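Quick notes on the structure that follows.
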Ligand SMILES: [Zn+2]
Ligand SMILES: [Zn+2]
Ligand SMILES: [Zn+2]
Ligand SMILES: [Zn+2]
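Residue numbers (this note's numbering): 1027 to 1169.
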């Protein structure tokens, strides 16, 4: 403690020679106080698998990380077991281990035979292919 103090004083003295005691022991103390590191967010984010594609959750059929994803109170589709009316409903395989995503250029499941095929009717409201998985279902602000 005493040693620290004297070192601090001598430092202050040195500094004082230059800056007339404007910086003293205080600045050394502050420098050793580590700022708390901002916690890295572990919240699920809308996963953009590849540019222009939005990941679908294969457990529920909704866009991954959205408020509705894996909500317990959703009506399930009798045919596919995914959330009824979700983008993935009857379009993707439930619990598939393959990542599934909706193409943001056309609205179809990315990479399927319909994806980005020319000559498809576009939806007036969203601009994606009418009736595609993503048609009018893309979350408002995908990150
Ligand atoms: Zn889900
Ligand atoms: Zn279904
Ligand atoms: Zn496409
Ligand atoms: Zn639409």
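Backbone N, C-alpha and C define an ideal beta-carbon position, used for all residues, glycine too.
Source: prediction; values computed, not measured.
Confirm, please, whether the CB-CB distance from residue j to residue i is below 7 Å.
{"i": "residue 1084", "j": "residue 1126", "result": "yes"}
{"i": "residue 1106", "j": "residue 1116", "result": "yes"}
What three-state label does DSSP hand residue i in the structure shown?
{"i": "residue 1117", "result": "coil"}
{"i": "residue 1164", "result": "coil"}
{"i": "residue 1086", "result": "coil"}
{"i": "residue 1093", "result": "coil"}
{"i": "residue 1102", "result": "strand"}
{"i": "residue 1129", "result": "strand"}
{"i": "residue 1135", "result": "strand"}
{"i": "residue 967", "result": "Outside the modelled stretch of the chain, which goes from 1027 to 1169, sits residue 967, for which no answer is possible."}
My assumption, with CB atoms under 8 Å, is that residue i sits in contact with residue j. Please give the rounded CB distance.
{"i": "residue 1135", "j": "residue 1142", "result": "Wrong, their Cβ atoms sit about 11 Å apart, outside the cutoff."}
{"i": "residue 1159", "j": "residue 1114", "result": "7 Å"}
{"i": "residue 1008", "j": "residue 1109", "result": "Nothing about residue 1008 can be read from this structure; the chain reaches only from 1027 to 1169."}
{"i": "residue 1130", "j": "residue 1078", "result": "5 Å"}
{"i": "residue 1149", "j": "residue 1164", "result": "Incorrect: roughly 11 Å between the Cβ atoms, too far for contact."}
Residue list, Cβ distance to ligand 2 heavy atoms smaller than 5 Å: 1103, 1105, 1106, 1115 and 1116
Distance cut 7 Å, beta-carbon to ligand 1 heavy atom: residue list by chain order: 1083, 1085, 1086, 1088, 1090, 1095 and 1096
Under 6 Å, CB to any heavy atom of ligand 4. Which residues pass, going along the chain? 1149, 1151, 1152, 1154, 1161 and 1162
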